[in-house]
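Protein chains in written order, with our numbering: chain A, 3 to 253; chain B, 3 to 276.
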Amino acid sequence: MDPKIEVRELNVWYGNHHVLKDLSIKIPERRVLAIIGPSGCGKSTLLMTLNRMIELIEGARVEGRCLLDGVDIYNPGIPLTELRRRVGMVFQKPNPLPKSIYENVAYGPKVHGVKDRRKLDEIVENCLKVVGLWDEVKDRLNKSAFELSVGQQQRLCIARALAVKPEVLLMDEPCSALDPMNTRIIEKLICSLGRELTVVVVTHNIQQAARVSDFTAFIYLGRLVEYGPTDRLFESPVNRLTRDYISGEFG
Amino acid sequence: MRRVGEKLIPVLLSTPVAVLILCLLWIVVSIGGEGIQALNWSLLTSSVLEGGIFESIVGTLYMLGGAVALATPLGVATAVYLVEYAAESRLNHLIIQAVNNLAGVPSIIFGLFGYAFFCRFLGLGVSLLSGWLTLVCMILPIIVSGSVEAISMVPTSFREAALALGAPKWRVVKDVVLPAAAPGLATSVILGVGRVAGETAAILFTSSVYLMRGLPSTVLEPVMTLTYHLFVLLVATPGGMTGKPFAMALLLLGLVVSLNVLAYIIRVYYRRRW
């Protein structure tokens with residue numbers, strides 16, 4: 003099967019700081035890929051290169067190729083708005099827009115041209131149901147999103163990302179700010195989303211990677227150290243660095 | 003000794019505060035006391051030709067309304083450009099600094115510039131339009147610097163959230179940044195109006211006349227305003243000032259104070275909803 007995303011010899015610099023070094027990885031379609039590694043190893047940077055959010059960072063420079071369905075996303079002919087519709091993102095800290103719960107989910111579809119109110123209602127309801135938020139918020143859809151708890155806000159952000167029907171969902175430590183209950187809900191959600199779309203989740207919680215992912219990539223100091231099916235990587239890591247990291251000897 | 007010193011310091015420091023409050027009270031009482039007696043409905047609604055101030059009141063509203071209508075879009079657009087589009091650079095900082103400095107230029111200089119440039123060079127004459135443009139020059143720095151601050155305060159995470167959904171930059175600005183900054187933008191506009199509401203020098207040569215029949219019917223006609231009207235009354239009648247000037251002063255004071263209070267209310271009411 004062709005990979006959904008193929009990264010070839012990716013190099014990223016922040017100013018003079020060489021963050022990602024000759025990184026190549028093939029990300030399979032409709033699976034969950036967990037990216038693990040110690041803080042500052044470049045996990046989040048890798049994620050941000052996949053929807054070009056890295057271009058918002060001043061002084062960032064990207065070299066190499068990132069193919070989405072075989073087409074380089076850094077090709078100047080690729081419209082950025084369409085790329086980001088296809089490759090959605092959930093951030094580490096929940097970041098609802100300063101709008102109502104309804105508007106948060108409806109904003110993406112509206113931007114991409116959905117005008118019909120009934121259609122929007124349907125999208126909002128479906129996406130909120132997927133993240134298990136519908137029953138909690140259906141009576142206060144017009145209330146500000148900031149009235150929700152942090153965990154609910156993060157699920158709202160996932161619903162918002164799903165509302166534009168992405169093919170890939172990038173998640174940057176989506177549970178690091180959450181309580182155990184919401185973490186559990188979101189982990190389950192990641193597992194089920196992995197059947198519908200390609201999910202790439204960055205985490206420094208090793209157990210979480212083991213629980214939610216089909217494949218795991220271990221990155222250390224900007225290089226891809228080991229990559230394989232999650233079961234295999236956790237049971238019999240080939241590289242000594244991987245073994246030390248997942249057994250908690252550093253990180 | 004040290005005890006006494008510590009007790010003395012608050013007393014010493016509070017004296018200027020007391021003096022300040024007394025001055026303010028004195029202004030309000032002395033103007034308000036005389037003004038309120040002279041203020042009545044027929045003064046407000048009868049023409050200047052019959053000893054009223056109707057044209058001056060409406061003229062003042064014309065001046066302010068037009069200046070705000072022109073300055074707001076210009077000022078906000080400038081701020082959006084400086085914060086959202088212009089690359090972070092020395093030039094950018096220099097521009098913002100220059101704009102801030104412009105806010106401190108004495109108004110008579112704006113008046114002189116307005117007369118030389120708008121009235122003479124552009125040939126707009128002494129007119130409502132010349133006055134508007136002159137006031138725009140005065141208000142702009144206030145709106146721009148206030149708006150730059152309001153827009154910069156909008157958290158980056160809002161922009162990232164919308165951009166990551168595939169929203170183009172201009173929609174992020176329109177749908178997310180500007181609504182979030184709206185209270186701050188409104189405050190800066192009101193403070194801008196407050197600055198020029200009592201302005202005399204800037205419109206002295208550019209748009210005001212002491213007496214005219216009726217209100218201007220085109221923007222190329224001059225206009226009467228409360229401030230200029232008051233100025234002439236004061237100059238023309240040295241010594242025996244009573245009644246009407248105080249009523250006009252009270253109106254102006256009321257206008258400026260209510261604008262500032264309004265700005266304050268907006269600022270408090272919308273304080274950080276996120």
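For every residue, glycine included, the Cβ atom is placed at its ideal position computed from N, Cα and C.
Scanning chain B for C-beta atoms nearer than 8 Å to the C-beta of A/G110 yields L167, G168, A169, reported in chain order.
With the rule of 3 Cβ pairs closer than 8 Å, the region 140-147 of chain B does not count as touching the region 223-240 of chain B. Ranked by Cα distance from B/S210, the first of B/A166, B/E223, B/T189 is B/E223. DSSP places A/D71 outside both helix and strand once states are collapsed to three, so it counts as coil.
Nearest to A/E11 by C-alpha distance, out of A/V89, A/D74, A/P111, is A/D74. Cβ contact annotation for B/V101 (same chain, cutoff 7 Å, sequence separation greater than five): P143, V146, S147, in chain order.
For A/I125, the enclosing alpha helix (DSSP H) starts and ends at 119-132. The residue from A/K167, A/R242, A/C159 with its alpha-carbon nearest to that of A/P176 is A/C159.
The secondary-structure analysis by DSSP pairs A/R10 across a beta bridge with A/R67. Ranking B/V258, B/V31, B/V78 by CA distance to the CA of B/V175 puts B/V78 first.
Closest option to B/A199, judged by alpha-carbon separation, among B/R173, B/L228, B/A183: B/L228. Our two residues, A/P40 and A/I188, have alpha carbons roughly 22 Å apart in a direct line.
The beta carbons of B/L137 and B/E201 sit about 7 Å from each other, so the pair counts as a contact at 8 Å. Within the region 171-184 of chain B, the residues whose Cβ lies closer than 8 Å to some Cβ of chain A are R173, D177, V178, P181, A182, listed in chain order. Burial is judged here by how many other beta carbons sit within 10 angstroms of a residue's own beta carbon; B/Y117 has at least 16 and is buried. When C-beta atoms of the region 81-95 of chain B are compared with those of the region 247-261 of chain B, fewer than three pairs fall below 8 Å, so the two segments do not count as touching. Beyond the five residues adjoining it in sequence on each side, B/A73 comes within less than 7 Å, by CB distance, of V138, I141, L142, I145, G194 in the same chain, given in chain order. The residue among A/Y109, A/R54, A/V89 with its C-alpha nearest the C-alpha of A/P78 is A/R54.
With at least 16 other beta carbons inside 10 angstroms of its own, A/I29 counts as buried. Taking the CA atoms as reference points, A/D24 sits about 22 Å from A/H206.
Beta-bridge partners of A/W15 (DSSP): A/H20, A/R63.
From the listed residues B/L187, B/F233, B/V263, the smallest Cα separation to B/T80 is found for B/L187.
For A/G39, no CB of chain B lies under 8 Å from its own CB, so it is not counted at the interface with that chain. Within 10 angstroms of the beta-carbon of B/G7 lie fewer than 16 other beta-carbons, which makes it exposed. A/A219: member of the beta strand (DSSP E) spanning 217-222, first to last residue. One alpha carbon belongs to B/L15, the other to B/L104, and they sit about 33 Å apart.
Secondary structure within the region 47-88 of chain B: the alpha helix (DSSP H) runs of 4 or more consecutive residues, fully enclosed, are 56-82 (chain order). By the C-beta criterion, the region 180-197 of chain A is judged not to be in contact with the region 118-127 of chain A, since fewer than 3 inter-stretch pairs fall below 8 Å. Going by C-alpha positions, A/V113 is about 16 Å away from A/M91. Counting C-beta pairs closer than 8 Å gives three or more between the region 78-87 of chain A and the region 161-180 of chain B, which meets the contact rule. Its chain contains S102 as the residues whose beta carbon lies nearer than 7 Å to that of A/S146, once the 5 sequence neighbours on both sides are disregarded; these appear in chain order. Exclusion of the five residues before and after A/L199 leaves R32, P168, E169, V170, L171 as the residues of its chain whose Cβ lies within less than 7 Å of its Cβ.
Contact annotation: in the region 100-124 of chain A, residues whose CB is within less than 7 Å of a CB in chain B are P100, Y109, G110, V113, H114. Inter-residue distance for A/R120 and A/E138 is about 21 Å (C-alpha atoms, whole angstroms).
Within the same chain, and ignoring the five residues on either side of A/E65 in sequence, the residues whose Cβ sits closer than 6 Å to its Cβ are N13.
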